[in-house]
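Student:
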Amino acid sequence: RGSFGSFFFYRHDKIGEKEKSMRRKDREIKTPEKIEEIINHCKTIRIGMLEDQAVHIVPVNFGYKREGDKFAFYIHSAKKGHKVDVWEKNPRIAFEMAHEIGLNPGPKGCDYGYFYQSVIGQGEIVLLKEPIQKEKALNQIMLHQTGRFCEFTEKNLETVNVYEIAVTDIIGKACLPKE
């Protein structure tokens, strides 16, 4: 049975002396096309960040761009705030998004599971400063969220922070109903 809470991300490079990989190979999704299909079902990305010894997670709307097997995510925020302060000090982040499909019932409590598709990864968050970069990124957000582009005034662009998440690692996982 699929347990939505048991999705762990492992980098595919060597960590220390040991190479780590996903335990449930039958649920692993590695192709950019399949990962993009999952992303297209999601409207919120949850970003994990580290401040000193405290871990914070913030859910935000997003847009994205894919070029070949490379992904970049775009988000926006107020000019000031806690996450802005954290990202200035430590731009390394982790992210997660999930397409929650539904409960997978069983005869007993421990037989229950959950049908889902999810994407997780790591990257670096970069503040975009040039108005043209900000406008392109905001339009990626609008396209993903609404299916259309918008016009932004100079004032719009001045009053918001816009970020790119430069993805370094990404992987998907799914537990789907049998057809």
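Here this note's numbering runs 1057 ahead of the position in the sequence shown, where the first position is 1. Ideal placement from N, C-alpha and C gives every residue a C-beta, glycine not left out.
1) Where do the ends of the alpha helix (DSSP H) carrying Leu1214 lie?
2) With hydrogens ignored, establish whether the beta-carbon of Gln1202 is closer than 7 Å to any heavy atom of the ligand ADP.
3) Mind checking which residues open and close the alpha helix (DSSP H) that includes Lys1191?
4) If contacts are defined as beta-carbon pairs under 8 Å, then Phe1209 and Leu1195 qualify, I think. What distance do you get, rounded to the angstrom?
5) Near Phe1152, which residues of its chain fall below 6 Å by C-beta distance, leaving aside the five closest residues on each side in sequence?
6) Residue range of the alpha helix (DSSP H) that Glu1145 falls in?
7) Buried or exposed: where does Lys1230 fall if 16 or more other Cβ atoms within 10 Å of its Cβ makes it buried?
8) Hey, out of Lys1082, His1139, Pro1164, whose CA is closest to Glu1108's CA?
9) Identify, in the order they occur along the chain, each residue of the same chain with its Cβ nearer than 7 Å to the Cβ of Lys1091, setting aside the five sequence neighbours on each side.
10) Taking only three categories from DSSP, how would you classify Lys1235?
11) Mapping the DSSP letters down to three states, classify Lys1165 as helix, strand or coil.
12) Terminal residues of the continuous alpha helix (DSSP H) containing Glu1208?
13) Starting from the C-beta of Ile1158, find all residues in its chain whose C-beta is less than 6 Å away, skip the five residues before and the five after it, and write them out in chain order.
14) Under 8 Å by Cβ, that's how I've got Gln1202 and Asn1097 pegged, so tell me the actual separation to the nearest angstrom.
15) Considering only the alpha carbon of each residue, which of Lys1136, Thr1225, Leu1233, Cys1232 lies closest to Phe1130?
Tutor: The structure says:
1) Sequence index remark: in the sequence shown, residue 1214 carries index 157 (1-based). Note, Leu1214: alpha helix (DSSP H), 1211–1215.
2) This structure lacks the ligand ADP; in fact it carries no ligand of any kind.
3) Against the sequence shown, residue 1191 aligns to sequence position 134. Unbroken alpha helix (DSSP H) run through Lys1191: 1188–1203.
4) As a first step, residue 1209 is located in the sequence shown; it is residue number 152 there, counting from the start. As a first step, residue 1195 is located in the sequence shown; it is residue number 138 there, counting from the start. About 6 Å; that satisfies the 8 Å criterion.
5) Within the sequence shown, residue 1152 is the residue found at index 95, counting from 1. Only Ile1102, Ile1104, Gly1178 meet the Cβ criterion.
6) What you label residue 1145 is simply residue 88 of the sequence shown in a count that begins at 1. Counting along the chain, the alpha helix (DSSP H) containing Glu1145 begins and ends at 1139–1146.
7) The sequence position of residue 1230 within the sequence shown is 173, counting from 1. The residue in question, Lys1230, is buried, as its Cβ has 16 or more Cβ neighbours within 10 Å.
8) What you label residue 1108 is simply residue 51 of the sequence shown in a count that begins at 1. With distances taken between Cα atoms, Glu1108 lies closest to His1139.
9) What you label residue 1091 is simply residue 34 of the sequence shown in a count that begins at 1. Excluding sequence neighbours, Lys1091 sits near Gly1229.
10) Locating residue 1235 in the sequence shown gives position 178, counting from the first residue. Here Lys1235 sits in coil by DSSP.
11) As a working note, residue 1165 is residue 108 in the sequence shown. Three-state DSSP puts Lys1165 in coil, outside helix and strand.
12) Your numbering for residue 1208 matches position 151 in the sequence shown. Here Glu1208 belongs to no alpha helix (DSSP H), and DSSP marks it neither H nor E.
13) For the purposes of this step, residue 1158 is identified with residue 101 of the sequence shown, where counting begins at 1. When the five nearest sequence neighbours on each side are left out, the beta carbons in the same chain lying within less than 6 Å of the beta carbon of Ile1158 are those of Phe1172, Tyr1173, in order along the chain.
14) For the purposes of this step, residue 1202 is taken as residue 145 along the sequence shown, with counting starting at 1. For the purposes of this step, residue 1097 is taken as residue 40 along the sequence shown, with counting starting at 1. With a beta-carbon spacing of about 12 Å, Gln1202 and Asn1097 fall beyond the 8 Å limit used to define contacts.
15) Translated into positions along the sequence shown, residue 1130 becomes position 73. Among Lys1136, Thr1225, Leu1233, Cys1232, the Cα nearest to that of Phe1130 is on Thr1225.
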